[in-house]
Each structure stands twice: as structure tokens, then as C-alpha cells.
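If you read the sequence shown in this note's numbering, its first letter stands for residue 728, the second for the next number, and so on. Each residue gets a CB set at the ideal place from its N, CA and C atoms; glycine is no exception. Fair warning: this is a prediction, and the values are worked out from it, not measured in the lab. Notes to accompany the following structure.
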Amino acid sequence: MEQLFEEMKNSVLEGEEEEAAELAQKALDSGMDPVAVMDKGFLKGINEAGKLYEEGEFFLPELVCAADAMKAALEVLDEELKKCADNNTKTGKVVLATVQGDVHDIGKTIVGAMMTANGYEVYDLGSDVPNEKVLSAIDDVKPDIVGLSALLTTTMEQQKNVIEMIREAGKREEVKIMVGGAPVSRQWSEKIGADGYSDNAIDAVKMAGILIG
Ligand code: B12
728 MEQLFEEMKN
738 SVLEGEEEEA
748 AELAQKALDS
758 GMDPVAVMDK
768 GFLKGINEAG
778 KLYEEGEFFL
788 PELVCAADAM
798 KAALEVLDEE
808 LKKCADNNTK
818 TGKVVLATVQ
828 GDVHDIGKTI
838 VGAMMTANGY
848 EVYDLGSDVP
858 NEKVLSAIDD
868 VKPDIVGLSA
878 LLTTTMEQQK
888 NVIEMIREAG
898 KREEVKIMVG
908 GAPVSRQWSE
918 KIGADGYSDN
928 AIDAVKMAGI
938 LIG
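Okay, here's the thing in C-alpha cells:
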């Protein structure tokens, strides 16, 4: 088991997309829990890649390859998590987006997968989503929750801007807003008037449950 987790981590570090997808499939075929596979395997790889980038050992191309391998694995696991969801009753609608100017979508996609697995109807708007598009999704989808992800200190500001835009449009009472992403903290979420924050996907689901309880 440990060996397989190590192989998963390495497939991401080495940017081996096909291998990452194969390992994810292999793990599922042998009955492993997709959440554990993500947590103990692939996530370790992307975190390590981030560390190597910070230390100057990895450059952007390597980081891009690592992210692509991570996403290949995530796609396989997501399918499985969606199947789990079929057995659940729907608990609420969630609109997710990585904010304008920010292309980091791995964390947001994991949050979406976990929400789906827990019975939420997830509308993922993608990454680098214009603020106006989040606002119009509130009219189109009528979500219970809007989740905004930001991975850059510069784009965190957009979380604040989106919340302001929603407030100015008179729709703030219609939705609960959750924010997340590596640089985001509880203090920041409170400062910008979000309803909830979490630094991981599992707690994000719990927080969502509390918010729409
Ligand atoms: C992978 C990665 C990339 C990939 C992204 C690929 C993709 N499709 O996502 C690529 C290579 C494209 C990339 C590009 C860049 N990156 Co980059 N990247 C990373 C890296 C290594 C990992 C991010 C990640 O996926 N982590 C794994 C996920 C699972 O974790 P997470 O996102 O934090 O999500 C979890 C929680 O935060 C939470 N969560 C996330 N979202 C949400 C939302 C809600 C609502 C909730 C409740 C919870 C929640 O749950 C998630 C699951 O547990 C980080 C390093 C790091 N330590 O974060 C740098 C990092 C974020 N990048 C960085 C930088 C600088 C860049 C670039 C500007 C580089 C450049 N010079 O071009 C560009 C930015 C382009 C842009 N405009 O967005 C910096 C940011 C520094 C800063 N302080 O702002 C970091 C911190 C690296 C560093 N130390 O320098 N990057």
C-alpha cells in the first residue's frame, strides 16, 4: 500500500500523466478509498512539487507537468466520487469558481469532487472566472453556496471584489459564500465578509453542511 502511495506521489513529481491516471485506476480497481488515494498519494506529489519550486529546484515547466499529472489522476478519481454521489440524496447547490486572474484549479476541483461525493449539485465555472460570471451564475443556478478559490496573494482581492459585487447587486442574502485556497485564512474570510472558510476539501464539505444546515 505504502509503495503504491509512493508511486502516485512520484508520478506527479515526474509529470507522468498516463502513469498517474493508471495508478489512480489501479487503486480504485483494488477497492481503495478515492479520498485516501488523493490525500496520501497524489496530493503529496503536488505539495512536494510546490516545495521544490519554492526552493528553486523546479521551474515552471516542471510545475505545469506535475499539475497536469495531478489533474489526470483527479479526473479518474472524480468519476468514482460521482458514482458514490448517485446513492445520496441531493443536499444543496454549489457554484464553484477560481477567481479572475487565477488559473490554479486543482484545489477547487478537489473541493468540487468532495462536494459531489457528498450529494451536492456542483456547478464548476472553472478557473480565471470573471467576477460578473459568478454574479450571473447566482441568477442562473440559484445556488445555496458560492465557493471562491484563490491561490495568489494578488487574486485573493478578487474574492473581496466578488462579495462586494454580490452585495451591491442586492443578492448577498440569497447565498452563503465560502472562500479558500492556500493563502486564504480565517481572518481574511472574516475581513471580507465571507460566511465560511476551510483549508481542505473535507472540512469544506462540513462547513457547507453547517452553513445551509
Ligand atoms: C500547481 C501550481 C501551479 C500550476 C497550476 C495548475 C492548475 N491547473 O491548477 C501552474 C504551473 C499553472 C501554476 C502557475 C502559477 N503559479 Co502556481 N502553484 C502551484 C502549486 C505548486 C500547487 C497549488 C495546488 O494545486 N495545490 C494543491 C491543492 C490541493 O491545494 P489548494 O489549492 O491549496 O487547495 C486546497 C485548500 O486550499 C482548499 N481550497 C482550495 N480552494 C478552495 C475553495 C473553497 C471555497 C474552499 C472552502 C476551500 C478551498 O481545499 C483544497 C483541497 O484540500 C502552488 C504551491 C502551493 N504551496 O500552493 C504554487 C503557487 C500557488 N503558484 C505561485 C505562482 C507565483 C504562480 C505563477 C504566478 C507563476 C508564474 N511566474 O507564472 C503562475 C500563476 C498563473 C495565474 N495567473 O494563476 C505561488 C503564489 C505566490 C503568491 N504568494 O501569490 C505559489 C504559492 C508557489 C510559490 N511558492 O511561489 N502554479
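Are the beta-carbon atoms of residue i and residue j separated by less than 8 Å?
i           : j           : result
residue 739 : residue 772 : yes
residue 731 : residue 750 : yes
residue 875 : residue 849 : no
residue 855 : residue 836 : no
residue 873 : residue 904 : yes
residue 822 : residue 793 : no
residue 878 : residue 909 : yes
residue 798 : residue 833 : yes
residue 736 : residue 783 : no
Where do the N-terminal and C-terminal ends of the alpha helix (DSSP H) with residue i fall, by residue?
i           : result
residue 875 : First-last for residue 875: 872 to 876, but that is the beta strand (DSSP E), not the alpha helix (DSSP H).
residue 732 : 729 to 740
residue 775 : 770 to 781
residue 767 : Element bounds for residue 767: n/a, residue is neither H nor E.
What residues match up with residue i in a beta bridge as DSSP calls it?
i           : result
residue 819 : 847
residue 924 : 906
Determine the DSSP secondary structure at residue i, reduced to helix, strand or coil.
i           : result
residue 942 : Examination of residue 942 is not possible in this model, given that the chain is present from 728 through 940 alone.
residue 856 : strand
residue 830 : coil
residue 841 : helix
residue 760 : coil
residue 896 : coil
residue 784 : coil
residue 912 : coil
residue 865 : helix
residue 879 : coil
residue 743 : coil
residue 940 : coil
residue 919 : coil
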